[in-house]
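Q: Chains as they are written, first to last, in my numbering: chain B, 8 to 256; chain D, 1016 to 1463.
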Amino acid sequence: MNIRGLGAQEYLLFYGGFDNECLPGSAINKDGTWAALGQAEIATRKRAYAAAVAADILSNTQKLLQDWDPAGGNFRKLLTEPGTGGSPYANEQEALNAVFTGLNYIEKEVKDWKLAIPLGISVECVSGFCPEAVESRYAHVSTANLRQNFVGFRRLFQGCGGKNTGLGFDDWLDSVGAEDLRSRMMAALDNAQSKIDALDPPLEVSLNTNIDRVFDVYNALKGLTDLFKTEFLSVLMLKLPPSGGTDTD
Amino acid sequence: MDNAWLAAFRVLLGLTLLTSTLRFIGYGWVDSLFVRPPFRFKYWGFAWVEALPSREMHLLFWVLAALCLMVSVGLLFRVAAFGLFFGFTYLQLLDVTTYLNHYYLASLLALLLAFSPAGRYFSLDARLRPQIARSTSCVAWLYLFRFQIAVVYTFAGLAKAHGDWLLHAEPLRIWLSSRTDTPLIGPILMQDWAAPVMSWGGFLFDTSVPWLLMLRRVRPFAYVGVIVFHGLTSVLFPIGMFPVIMILSALVFFSPSWPRKLLAFLRIRPRTEATEAVASARLQDAPVPRFWFALGALYCLIQVLIPLRFLAYGGSVRWHEQGMRFSWRVMVREKSGSITFIVRVPSTGRVVHIPPHQYLTPLQESEMSGQPDLILQLAHRIRDDFAARGFGVVEVRADTWVSLNGRPIHPLIDPKVDLSRVQDGLGKATWIMPEPSEPPPRLHPIHS
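1) How long is the line joining the alpha carbons of D:V1078 and D:V1111, rounded to whole angstroms?
2) Using Cβ-Cβ distances below 9 angstroms, what residues of the segment 23 to 52 of chain B are close to chain D?
3) Can you find a CB in chain B that lies within less than 9 angstroms of the CB of D:I1242?
4) Using CA coordinates, which residue listed in D:C1153, D:R1188, D:I1200 and D:P1211 is at the minimum distance from D:L1181?
5) Where does D:I1040 fall in DSSP's three states?
6) Starting from the beta carbon of B:D63, find every residue of chain D whose beta carbon is closer than 8 angstroms, and list them in chain order.
7) Quick one: is B:V221 near chain D, going by C-beta distance under 9 angstroms?
8) Please state the DSSP three-state secondary structure of D:R1234.
9) Anything in the segment 1326 to 1357 of chain D with a Cβ closer than 8 angstroms to a Cβ of chain B? List those residues in chain order, please.
10) Pull up the CB-CB distance for D:F1244 and D:F1220, whole angstroms please, since I reckon it's below 8 angstroms.
11) Distance, Cα to Cα, D:L1124 vs D:L1157?
12) In the DSSP output, what is D:R1365 paired with across the bridge?
13) Shortest alpha-carbon distance to D:H1183 belongs to which of D:Y1058, D:G1405, D:M1213 and D:L1126?
14) Give me the Cα-Cα distance between B:S134 and B:G127, rounded to the nearest whole angstrom.
15) Who are the Cβ neighbours of B:R220 in its own chain at under 8 angstroms, not counting the five residues just before and after it?
16) For a contact defined as C-beta to C-beta under 8 angstroms, what are the partners of D:V1417 on chain B?
17) Mind checking if D:H1368 is an interface residue toward chain B, Cβ cutoff 9 angstroms exclusive?
18) What are the start and end residues of the beta strand (DSSP E) that includes D:D1414?
19) To which residues of the same chain is D:F1039 closer than 7 angstroms at the C-beta, ignoring the five residues directly before and after it?
20) Since D:K1350 sits in a beta bridge, which residues does DSSP pair it with?
21) Please report the distance separating the alpha-carbon of D:P1068 from that of D:P1053.
22) State the DSSP-derived secondary structure class of D:I1147, mapped to helix, strand or coil.
23) Going by DSSP, name the residue or residues bridged to D:T1355.
24) Flag B:G175 as yes if its beta-carbon sits less than 9 angstroms from any beta-carbon of chain D, otherwise no.
25) Determine the DSSP secondary structure at B:I10, reduced to helix, strand or coil.
26) Classify D:I1262 as helix, strand or coil using the three-state DSSP reduction.
27) Please go through the same chain and pick out, in chain order, the residues whose beta-carbon is closer than 7 angstroms to the beta-carbon of D:L1391, but skip the five residues on each side of it.
28) Kindly indicate the opening and closing residues of the alpha helix (DSSP H) around B:L65.
29) Applying the criterion that 16 or more other CB atoms from any shown protein chain within 10 Å of the CB defines a buried residue, is D:L1021 buried or exposed?
30) Given that B:I128 touches chain D, what residues does it touch there, using C-beta distances under 7 angstroms?
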């Protein structure tokens, strides 16, 4: 067993059952070794596994903090001063492409995975409706996660200050004369925000009682990402990740 | 006519293509472009061209590198040159999304070289088999190569003769705004006048340079212009070996004896040898046999007709892309799209959304998103996949939002058309939506 990360931790902490996710034909089920453990032992082992996963998460978090720490990797300097002192980015455009890459999760992870699969409009959902495929089906925080995903996106797009003030991609659009595009993207952002706010938490409740609202979020995010992958990308000369690298003409 | 120019062209082109091939190997593009993609976009009529397995594909590139070197040194020249032509062309036929105008030009130049007597002088073949050595060649070869290069420049220039480029300075305005940190010239690119000046400069350069290169008195200055122009584009844009190919190709407009004169100037060969070779060449020029003349004329006619075929379709070729490829439309548009395939299963009423990244690499998705025939190909693949999975006959439509030169997004393909029933062909595609009528937005670089 080598599953790690927050997904594993959610299962260990929030799933109260004593069964397992392995197939009936797997050795521990077929041979009865899992059942022979008994509930007390299973609970003890799950607590120990959760502790190990938590330690692993903590270690990775500390590595991330270290990479950003000015006394450590000082990644902020590498990002904001491209082309100098060990920065992996040769110029400003490459650094901005990297930040743009970070924004792309709103399409692949949020729209295409967290929403399209449970809604049954993805091929990943074989049956045509997969509410069990929501992101946090044990902790029931799928809607909260969606909201935080969107908060992160807005902060990168508009600025990290209070109420999304500060320097962001919206300011860049204004500075190159693309005020109209900025207005339309802000309208798309506000539209998506309102649709997310209208969801009943957790997401699986909305899926079962008010599926139209979930489709509204999906469609609103699609409207946003349609602008994001086209005009926004072209006007600011950003590159979708990873570009694969090749010549052009 | 003195064969020195052709031998020099052979040497330089061979070395340039060798560099290009080694770049592919060194940058890992053999894997990313030719091995890893699980789906490839085929050229119409060439769906039968299949990719080699990984090991054989890598071997092919090393073979091509060897052929480039053999062409350059003139060893087994004709076999090597034809091998180079077929090898390069095979690679290009594998996937439409790897099409570049300069790869197409490389194939054409390899083909012309393969038929030419370029291996008969200043070559290992001539050293090893003196009986084939010729210091002269038919003047028709010089005219043919000049014609080919003139076609590239002329049509590249004519491709810029439209409102977006000349009146609105797009897409250059968008592209230059991201290059304002370029050393030395960055501050110039920040000026509002930079994009319009460079747009007109590019148009006038492309449409005039082949004629200027033909005028003896102006030629040296025109060639300096060639070097400056292509050097600048090389600094500003990631266009690989294209500038080098054009700089060396423009040499065909010089006197056929230019290599001898250069060597004499550099005091590498005695001046008398250059003079004798030139005098000898004037005496030995022979008429072209009718068959080869006709073949050459046919080649020239094809080279003119192919770039002009866009006229048969009407509308904006930069939007509908019918007649775009093989037309020397170099760097003429900035296009980006957001594509979602909508599959409907009639038997159950189920609707499935297919994002292209489930099938394509990021580069393929980027290229496909602005090219309707490629969107159609992927729609057919999705149709076939659903059939193979037991869904039966399905309908496949495309939700396509495309921005041309920074304009607001417009639908590229009629969202009501079931693409699973549409066949690709040479006729006008009625399922492509009309181009946007508004001009591109008035953008500007960030002013510091």
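Glycine residues also receive a C-beta, built at the ideal position from the N, C-alpha and C atoms.
All figures in this text were calculated on a predicted structure; none of them were measured in a lab.
A: Based on what the coordinates show:
1) Going from the Cα of D:V1078 to the Cα of D:V1111 covers about 23 angstroms.
2) Only those residues of the segment 23 to 52 of chain B whose C-beta falls short of 9 angstroms from the nearest C-beta of chain D would be listed, and there are none.
3) Chain B has no Cβ within less than 9 angstroms of the Cβ of D:I1242.
4) Nearest C-alpha to D:L1181: D:P1211.
5) Note: D:I1040 maps to helix in three-state DSSP.
6) Near B:D63 there are no residues of chain D at all, since even the closest Cβ is about 29 angstroms away, more than 8 angstroms.
7) No - not a single Cβ of chain D is within 9 angstroms of the one on B:V221.
8) D:R1234 carries a helical assignment under DSSP once its states are collapsed to helix, strand and coil.
9) Cβ proximity to chain B below 8 angstroms picks out V1345, M1346, E1349, K1350, S1351, G1352, S1353 and T1355 from the segment 1326 to 1357 of chain D.
10) About 5 angstroms separates the CB atoms of D:F1244 and D:F1220; that is less than 8 angstroms, so the two are in contact.
11) Approximately 13 angstroms, taken between the alpha carbons.
12) BP columns for D:R1365 point to D:V1360.
13) It is D:M1213.
14) C-alpha separation (whole angstroms): 7 angstroms.
15) Only K202, A205, L206, D207 and S213 meet the Cβ criterion.
16) In chain order, T237 make up the part of chain B whose C-beta sits under 8 angstroms from the C-beta of D:V1417.
17) Residue contact check for D:H1368 against chain B: a CB pair falls below 9 angstroms.
18) Here the beta strand (DSSP E) through D:D1414 covers E1410 to L1419.
19) Cβ within range, chain order: V1045 and F1076.
20) D:L1419, per the DSSP bridge assignment.
21) One C-alpha to the other measures close to 12 angstroms.
22) Reduced to three states, the DSSP call for D:I1147 is helix.
23) For D:T1355, which the question treats as bridged, DSSP gives the partners D:D1414.
24) Contact with chain D is absent for B:G175, since none of that chain's Cβ atoms lies less than 9 angstroms from the residue's Cβ.
25) Three-state result, B:I10: coil.
26) It is helical.
27) Counting only Cβ-Cβ distances below 7 angstroms, and skipping sequence neighbours, we find L1434, V1437 and D1439.
28) Q46 to W75 is the extent of the alpha helix (DSSP H) around B:L65.
29) When all chains shown are included, D:L1021 counts as buried.
30) Residues of chain D passing the Cβ test: V1366, V1367 and H1368.
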